[in-house]
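>
There are 2 protein chains.
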Amino acid sequence: MLSEFDLIKRYFKRERAGRRDVALGIGDDCALLAPTPGRQIAISSDMLVEDRHFFAGADPFMLGHKALAVNLSDLAAMGARPVAFTLSLALPKADPDWLEGFSHGLFALADAHDCELIGGDTTKGPLNICITVFGETAPGHALRRAAAQPGDDIWISGTLGDARLALAGYWKEVAFDQELQAQAAPRLHMPAPRVALGLALAAAPIAHAALDISDGLVGDLGHILAASGVGATLDVDALPAGPALARQDIALRRRFTAAGGDDYELCFTAPRERRAEVAAAAELAATPVTRVGTIDAAPGLRLVDAHGAPLDLGLKGWDHFSVP
Amino acid sequence: MLSEFDLIKRYFKRERAGRRDVALGIGDDCALLAPTPGRQIAISSDMLVEDRHFFAGADPFMLGHKALAVNLSDLAAMGARPVAFTLSLALPKADPDWLEGFSHGLFALADAHDCELIGGDTTKGPLNICITVFGETAPGHALRRAAAQPGDDIWISGTLGDARLALAGYWKEVAFDQELQAQAAPRLHMPAPRVALGLALAAAPIAHAALDISDGLVGDLGHILAASGVGATLDVDALPAGPALARQDIALRRRFTAAGGDDYELCFTAPRERRAEVAAAAELAATPVTRVGTIDAAPGLRLVDAHGAPLDLGLKGWDHFSVP
């Protein structure tokens, strides 16, 4: 039987040299970060619970990836550069196969972003993964939800809705074939945090407001509108559907792009004078972006179709306490 | 039914002015810390699981206190000054009474240490509380586990064993009266993190190595010995028993002071030439300290009684995966 200390040593403590700004990593009462002088530390924490954020028996490699990805996505939404993270883990048992897969998925993504595991906790309990991530950003450069301005364009990175489509397949909400499910599923299990795009947008800074879309675009965009005291017009038919969703009918496309959930794309606003710079940032980050609407002075979110006619999709955002 | 956003707004987002070094608190994708120039950030994360770290149905006020206290205790053990924390919370349901009690217990302790809640996550799931805490410390002043030197005195803050005695009462391991249980129970439910003492010991710095005793002194001291490549002699009869435990027989006193668990006292080492400064730091922090042994060059931990004779208590530290 693996002890708690053996488990940390075997799966989570690594021998290779760490980042220079990590003064002390795993193994003491605290880790120590030595922040770059003059930089601010961006901090976010996400908790993933079995049967709520992922299926019981989920593949541990993909779960390790996703647990860190959703946190890196928050750094991306602020335009912060990843530095380090802590991992707290409640496990029903210390299963070597699970730990091997989970830690490999976790570290593959961490290494791709030079983000170091510096501490955390492990305990016995119902499966629960809580990661807290640290990034750095220059003062005044962070992309805040409250910074949208009337007249701003609204932009979306990548594509929307395939994660939700994959869920619909698992839940048998829609009938479709295995090949379509195989196309959509990676978007649900292995989201790619848009870190490079967030950094490019914050560097100048080109963008005004930003957030990452985790609970569905309409609900999440609502947070930008509320924080900024503005409204918006969203062209639902301009929303970029994922390749699997693009093969579905227009009603499903509209619903799952506008309010799918688990997209982990960035929604950001930028002045219309900066369209060329947005395009250049997207090019630099190798991340496609699509213009999907406009920030208005008038409050409220207006959904319109390709012809500018009002659409009522009867949508709402995801809320963990209002669903069964 | 409370939504996730209402829940955060009602119980965890506060209107009062925050710390100056918290550039952005709750409500965006990330919080932003503006670290004091030249300081390092000490970071620790602890996860508390129902039926493992606390009883099902535990008083929510005391639970809010304890969840933060065990994290502040890690900052104390590094000699770091509390700054801020994140709270991630999985709840079976959004129960207003529970949330009210929990948030009050949490903020009472947070305010006492000027430690600001800057973000986190809430979700539905089996009750799980994960706090990540941030403190600051001057480079080179953090109290590291690896810094013990042969010849150092070993010191303990406060008293040991009453938390374990309270557990023994709940578990019916020992028979004792309600009055004794009432005396011991606060040490289990409302530990006082030794932040002031940690700061005083790190300021000069007076102490060499330190940690907080959460899993029993013998096991935890073992971490200092392993990290420092040294051994120790521990005078078990010098260990300061809590007031309830002090009324028990010597066998129980020895067992629960040496390997109780949940003590959240500091164990630290300091050169014998600094005894007067240790006493002054204890006075400044209004925290009693007791000298209980010596760090040796020879590896291994030797337990001795008041006469210096070897003691074998057959003890081991707490391990979350080796117990049922």
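Top to bottom, those sequences are chains A and B.
Here the first sequence is numbered in our numbering, starting from 102 and rising by one per residue.
Here the second sequence is numbered in our numbering, starting from 102 and rising by one per residue.
Every residue gets a Cβ at the ideal spot worked out from N, C-alpha and C, and that includes glycine.
Is the Cβ-Cβ distance between Ile144 (chain A) and Ile219 (chain B) less than 9 Å?
Yes.
> Buried or exposed, going by whether 16 or more other CB atoms sit within 10 Å of the CB of Lys110 (chain B)?
Flag for Lys110 (chain B) reads exposed.
> Among B:Ile142, B:Asp122, B:His214, B:Pro197, which has the Cα closest to the Cα of His166 (chain B)?
His166 (chain B) has its Cα closest to that of B:His214, out of B:Ile142, B:Asp122, B:His214, B:Pro197.
> Per DSSP, what kind of secondary structure is Gly241 (chain B) in: helix, strand or coil?
Residue state, collapsed to three classes: coil.
> Which one of A:Ala333, A:Phe369, A:Ala328, A:Arg348 has the shortest CA to CA distance from His309 (chain A)?
Of the candidates A:Ala333, A:Phe369, A:Ala328, A:Arg348, the one whose C-alpha sits nearest the C-alpha of His309 (chain A) is A:Phe369.
> Going by the beta-carbon positions, is the gap between Phe240 (chain A) and Ala124 (chain B) smaller than 9 Å?
What sits at residue 240 (chain A) in the sequence shown is Pro, not Phe. The answer is yes: Cβ separation under 9 Å.
> Residues of chain A with CB under 9 Å from Ile219 (chain B), in chain order?
Within chain A, the residues near Ile219 (chain B) are Ile144.
> I want to verify the contact list: residues of chain B whose CB lies under 7 Å from the CB of Pro138 (chain A), in sequence order.
Chain B residues near Pro138 (chain A): Pro138.
> What are the start and end residues of each continuous beta strand (DSSP E) run of 3 or more residues lying completely inside the segment 174-217 of chain B, in chain order?
Listed in chain order, they are 182-192.
> Check the Cβ of Pro227 (chain A) against every Cβ in chain B and list those closer than 8 Å, keeping chain order.
The contacting residues are Val150, Gly226, Pro227, Asn229.
> Please go through the same chain and pick out, in chain order, the residues whose beta-carbon is closer than 6 Å to the beta-carbon of Leu385 (chain B), but skip the five residues on each side of it.
These residues qualify, in order along the chain: Ala301.
> Under 8 Å: does the beta carbon of Ile230 (chain A) sit that close to some heavy atom of the ligand NAP?
As far as ligands go, the structure on display features none, and thus does not contain the ligand NAP.
> Counting only beta-carbon atoms, is Gln141 (chain A) nearer than 9 Å to chain E?
Of the protein chains in the structure, A and B, none is chain E.
> Can you tell me whether Ala333 (chain A) is helix, strand or coil according to DSSP?
Strand, per DSSP.
> Alpha carbon to alpha carbon, what distance is there between Arg245 (chain B) and Ala177 (chain B)?
Cα to Cα, Ala177 (chain B) sits roughly 11 Å from Arg245 (chain B).
> With burial defined as no fewer than 16 other Cβ atoms inside 10 Å of the residue's Cβ, what is the status of Gly409 (chain B): buried or exposed?
Exposed.
> Could you tell me which residues DSSP puts in a beta bridge with Lys225 (chain B)?
Answer by DSSP bridge pairing, in chain order: B:Leu192.
> What separation, rounded to the nearest whole angstrom, lies between the Cα atoms of Pro425 (chain B) and Ala359 (chain A)?
At Pro425 (chain B) the pLDDT is 38, less than 50, meaning the model places this residue with poor confidence; the figure from the coordinates comes in the next sentence. Cα to Cα, the separation comes out at about 47 Å.
> With H, G and I counted as helix, E and B as strand and the rest as coil, what does DSSP make of Gln279 (chain B)?
Helix at Gln279 (chain B).
> Distance, Cα to Cα, Gln141 (chain B) vs Glu151 (chain A)?
Their backbone Cα atoms lie some 35 Å apart in a straight line.
> Here's the rule: buried if 16 or more other CB atoms are within 10 angstroms of the residue's CB, otherwise exposed. What is Gly330 (chain A)?
It is exposed - the Cβ of Gly330 (chain A) has fewer than 16 other Cβ atoms within 10 Å.
> Please confirm if Asp406 (chain B) has its CB atom under 9 Å from at least one CB of chain A.
So, not an interface residue.
> Relative to the C-alpha of Phe83 (chain B), which candidate in B:His242, B:Leu289, B:Asn172, B:Pro292 has its C-alpha closest?
Outside the shown range of chain B, which is 102 to 425, sits residue 83 (chain B), and nothing can be said about it.
> Sort A:Ala181, A:Ala159, A:Arg115, A:Pro227 by Cα distance to Leu190 (chain A) and report the nearest one.
Taking only the C-alpha atoms, the option nearest Leu190 (chain A) is A:Pro227.
> To test your reading of the DSSP string, which unbroken beta strand (DSSP E) runs of 3 or more residues are found completely within the segment 316-366 of chain B?
Listed in chain order, they are 332-336.
> Ser329 (chain A) touches chain B at which residues, Cβ-Cβ below 7 Å?
Simply none; closest approach about 12 Å.
> By the three-class DSSP mapping on this structure, what secondary structure does Val424 (chain B) have?
Confidence is the limiting factor: at Val424 (chain B) the pLDDT is only 42, short of 50, which leaves the residue's position unreliable and the question unanswerable from this model.
> Run down chain A in chain order and give the residues with a C-beta less than 7 Å from the C-beta of Thr395 (chain B).
Chain A residues near Thr395 (chain B): none, gap ~22 Å exceeds 7 Å.
> Flag this pair as yes or no: are the beta carbons of Leu402 (chain B) and Leu412 (chain B) separated by less than 9 Å?
Contact: no.
> Starting from the C-beta of Arg392 (chain A), find all residues in its chain whose C-beta is less than 6 Å away, skip the five residues before and the five after it, and write them out in chain order.
Closer than 6 Å at Cβ, skipping near neighbours: Asp254, Trp256.
> In three-state DSSP terms, what is Gly409 (chain A)?
Reduced to three states, the DSSP call for Gly409 (chain A) is coil.
> Going along the segment 166-188 of chain A in order, which residues come within less than 9 Å of chain B, judged by CB to CB distance?
Correct list: Ser174, Asp175, Leu176, Ala177, Ala178, Met179, Ala181, Ala185, Thr187, Leu188.
> Would Gly206 (chain B) be called buried (16 or more neighbouring beta carbons within 10 Å of its own) or exposed?
Answer is buried; the Cβ neighbour count reaches 16.
> Give the straight-line distance between the Cα atoms of Phe106 (chain A) and Ala168 (chain B), rounded to the nearest whole angstrom.
Near 22 Å, if we compare the C-alpha coordinates of Ala168 (chain B) and Phe106 (chain A).
> If you draw a straight line from the C-alpha of Arg265 (chain A) to the C-alpha of Ser315 (chain B), how long is it?
Whole-angstrom Cα-Cα distance: 43 Å.
> Consult DSSP for Leu385 (chain A) and reduce its assignment to one of helix, strand or coil.
Leu385 (chain A): helix per DSSP, three-state reduction.
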